[in-house]
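Structure, as structure tokens:
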Amino acid sequence: MMIMTALNAYYMALALYSEGNHSRETLELIFLDSVKAIARRATLCVSPITYNT
75 MMIMTALNAY YMALALYSEG NHSRETLELI FLDSVKAIAR RATLCVSPIT YNT
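Offset between the sequence shown (1-based) and the working numbering: plus 74.
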């Protein structure tokens, strides 16, 4: 699931760029926002490691 989300984020920015309606800077911001959201979700899915002492 996470791989599909990452690919969608990449190809969405690429598709918008090929349409020519958005500036490169805007597309970079869209892509970075998507990457941040994916990273945030990934950190929520990871359970903390606990060590038995």
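Just so it is clear, CB atoms sit at the ideal spot from N, CA and C, and this is done for glycine as well.
Distance, residue j Cα to residue i Cα
| i | j | result |
| --- | --- | --- |
| Thr79 | Ser97 | 23 Å |
| Leu101 | Met86 | 9 Å |
| Tyr91 | Arg115 | 25 Å |
Buried or exposed (CB count within 10 angstroms, at least 16 for buried), residue i
| i | result |
| --- | --- |
| Ala83 | buried |
| Ala89 | exposed |
Min CB distance residue i to chain D below 9 Å
| i | result |
| --- | --- |
| Ala113 | Protein chain content of the structure displayed is limited to a single chain, and chain D is not contained in it. |
Reduced DSSP category for residue i - H, G, I as helix; E, B as strand; rest coil
| i | result |
| --- | --- |
| Asn95 | coil |
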